[in-house]
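See structure below.
Chains as they are written, first to last, in our numbering: chain Y, 3 to 203; chain S, 3 to 203; chain C, 3 to 203; chain R, 3 to 203.
Set out below in structure tokens:
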């Protein structure tokens, strides 16, 4: 069935459902992480202590997913139409993001080399998937489109990928250093953009 | 990528996806709390008894989240456009609300000082986040906008914050008093509005 | 904040977000029930056997929720505008429906008087909430509206409520009879409508 | 209430809510599977090993659900209007898809005849449900509609059903062979369509 639709009406696919589906998946991922926050075993302040590292991992992942939702929102604002490849590039991104809750919970439970490296691997996968999604969109819209001008050179995206790779390696030496790099990436995306761009140029 | 989009087309961001995403997250939070309602261990009426306090916490949180969804709905009815700051202020609100299920479950399991105070802290965080969101929207729309007239002095919002602070302190003395204040806030928001406003003035 | 919005723009609230939120909650409830289907303990056919009653409860609840989604969809097709009361009547309906997964799991785990009666109570609550929602909508649209003509006398809704009450009482005598009544209600809603209407008149 | 609405305004039901609800359910199913990925018990690479088969099942199901979402998206792109039968045919499809997470988890936990055959049964159920949905849509739109031309002979859909039946039988002899057939179906749907069509003709 996909056969002829793809052939005839490829460019007419509406972006609305892609946005709605992505919003749905992101909303669920972001909320599902809460399920990993176990109810403390007891009604004392001490009972809260083992929850703290899990909570901090949760906050970190919440902001990461928030950044992705934000960027996805901005990106598709400039998108005109989508095709089958873009649908799959988007699903690929959602796949990596859907692994965030498990990685978050593992890092929160065991702050050691493998869990921290795994967390970075998921972030790296998501960053690469986002990069591929942007390329698929650009290939579909052309180099002169509003989208192409809006995306620009995507400096932050490239820096993030490099920092994740460094962090994954560092995780086997000092997990704390790896985690600091994750936080650095978060801050880079949150800080008002122009100042960073000026610093970089 | 966000860089130039934010610079050039800041005001054109559609509020539609923000609403859809918020609806998604709120729908999930409200439903996820049900997962905390464990299946009773046995087929007797007695088996239902330990479920009762968890159930009552669930009802309370359901109404709280319902009020937030209601107010969010009313608020964005008057909103014209959004920007990056507003997206983040909204995510900040969703962050606090996403902690409701855990806090609800903890209070339902152990009706004691710390869980009850923690529940109030989450409510306080959400109330402050809502306050910040409203300020961000007002800053973007101007003092003469329909939004500004609709928001008014936001008496209920301010009273809620004060009551939460009092409740958190009371929780360490008598948890029941703290919980009564939470119920009082709920009633304040549910009761038809004009009567309360008259009482207050 | 709700104060003045409700006063000035009561009739202008869009039904779009109410539909989207209800769809979200229903989609989550219907899917969350799957979480109660535990992975069988072993790779044999026998391992599937204890899952069977849980599965049948799941199928029953799936159809019930499907009927509610279907009716909600048809109902709001004829709705023009909503107000604060309708938002809350709708949340009240979602509240009862959100309890379906727990009730389903309890009935699936222990097919006895209390769980079966509890399941009927949840269904009864949902049916009454739906009835209230319809009244709130009628009060807002007037007796001459398309909505009023579409709703008609709502025979099925009234019969359902009666059957639930009977079933809850029967559950304490013979749970199987109660369950048969639940199935009867499902069939009544699924069978093409005109034939039933003729039978009834 | 459905009575008269179905009679008078049958063709006017909007497809928007059906799409939104389906997107919601699919988004939740796809994300809920992640909950089956348990946090590894320990911070070593070895702790990851028992997670690998579960993870691979997850990837397989993720792609299957992605294909369904994709095809659903393409299919409804050509749909003009829906009726009560189509709503139920769609819910029937969602029912089978909602069973994917449990089947995935069982197959991931015990790679043996029954779990693998059960996984195939769920896929078969979903494929048949999709087939029925397409027929219901065709019956509503007529043989000369854009939809009818877009669907064509639905070769892939028919082949999939045959392969699933073969796989379910094979599962009792060699589960690996069954699983290879599932992967073959996935590849058939992912590979660019025209080439496959040429091969088949």
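Cβ atoms here follow ideal geometry from the backbone N, Cα and C, with glycine treated the same way.
In chain order, what are the residue ranges of uninterrupted alpha helix (DSSP H) at least 4 long that sit wholly in the stretch 38–123 of chain Y?
53–79, 86–100 and 102–111
Who are the neighbours of residue 32/Y on chain S, taking C-beta pairs under 8 Å?
27, 96 and 100
Starting from the Cα of residue 153/S, find the closest Cα among 140/S, 36/S, 49/S and 161/S and give me that residue.
140/S
Whole angstroms are fine: how far does the CA of residue 163/S sit from the CA of residue 126/S?
Each residue's alpha carbon lies about 6 Å from the other.
Taking the alpha carbon of residue 96/R as the point to measure from, which residue in 74/R, 45/R and 167/R has its own alpha carbon closest?
74/R
For residue 93/Y and residue 68/R, I'd like the C-alpha separation in whole angstroms.
Straight-line Cα distance between these residues: approximately 7 Å.
Between the stretch 171–180 of chain C and the stretch 142–162 of chain C, can you find at least three pairs of beta-carbon atoms closer than 8 Å?
no
In terms of residues, what are the limits of the alpha helix (DSSP H) holding residue 36/C?
First-last for residue 36/C: undefined, no H or E at that position.
Mind pulling the chain S residues with CB within less than 7 Å of residue 93/C?
68
Leaving out the 5 sequence neighbours to the left and right, which residues in its chain are closer than 8 Å to residue 50/S when beta-carbon positions are compared?
42
Quick one: what's got a C-beta closer than 8 Å to residue 34/Y's C-beta in the same chain, skipping five residues either side?
Same-chain partners within the cutoff: 103.
Reference residue 27/S, options 45/S, 71/S, 36/S and 129/S, closest by Cα
71/S
Can you have a look at residue 48/C and say buried or exposed, based on whether 16 or more other CB atoms are within 10 angstroms of its CB?
exposed
Quick one: is residue 2/C near chain S, going by C-beta distance under 7 Å?
Given a span of 3 to 203 for chain C in the structure shown, any question on residue 2/C remains unanswerable.
Report all residues from its chain with a CB closer than 7 Å to the CB of residue 98/R; omit the five preceding and five following residues, and keep chain order.
124, 127, 128 and 131
If you compare alpha carbons, which of 84/C, 191/C, 40/C and 159/C is closest to residue 111/C?
40/C
Taking the beta carbon of residue 19/Y as the centre, do at least 16 other beta carbons fall within 10 Å, making it buried, or is it exposed?
buried
Give me the chain R residues within the contact set of residue 110/C, using Cβ-Cβ distance strictly less than 8 Å, ordered along the chain.
Near residue 110/C there are no residues of chain R at all, since even the closest Cβ is about 13 Å away, more than 8 Å.
Between residue 114/C and chain S, is any beta-carbon pair separated by less than 7 Å?
yes
Skipping 5 residues on each side, what residues in its chain have a beta carbon closer than 8 Å to that of residue 159/R?
129, 132, 133 and 136
Using a C-beta cutoff of 7 Å, does residue 132/S count as contacting chain C?
Interface criterion not met: the Cβ of residue 132/S is under 7 Å from no Cβ in chain C.
Give the C-beta separation of residue 32/R and residue 64/R to the nearest angstrom, bearing in mind that I take them to be a contact with Cβ-Cβ under 8 Å.
6 Å
So is residue 84/Y buried or exposed if we call it buried at 16+ other beta carbons inside 10 Å?
buried
Is the distance from the Cβ of residue 87/R to the Cβ of residue 119/R below 7 Å?
Residue 119/R sits away from residue 87/R, with the two beta carbons spaced by 7 Å or more.
Going by DSSP, what residue range makes up the alpha helix (DSSP H) through residue 185/Y?
177–192
Whole angstroms are fine: how far does the CA of residue 121/R sit from the CA of residue 60/R?
12 Å
With a threshold of 7 Å on Cβ separation, who are the neighbours of residue 37/Y within its own chain once the five nearest residues in sequence on each side are excluded?
none
What do you reckon, are the CB atoms on residue 165/R and residue 192/R nearer than 7 Å?
No, Cβ-Cβ distance for residue 165/R and residue 192/R is not below 7 Å.
I want to verify the contact list: residues of chain C whose CB lies under 8 Å from the CB of residue 107/R, in sequence order.
41
Close Cβ partners of residue 101/R (< 8 Å) along its chain, the five nearest in sequence each way excluded:
124 and 127
Residue 155/C by DSSP, collapsed to three states: which one?
coil
By how many angstroms is the C-alpha of residue 77/C removed from the C-alpha of residue 16/R?
Using only the alpha carbons, I get a separation of about 12 Å.
I want to verify the contact list: residues of chain C whose CB lies under 7 Å from the CB of residue 117/R, in sequence order.
45
Would you say residue 12/S faces chain Y, with C-beta separation under 7 Å as the test?
Bear in mind that a pLDDT of 42 at residue 12/S, under 50, signals an unreliable position, so the number given afterwards is only what the model happens to contain. Closer than 7 Å: no.
Going along the chain, which residues of the stretch 136–163 of chain C sit with their C-beta nearer than 9 Å to a C-beta in chain S?
none
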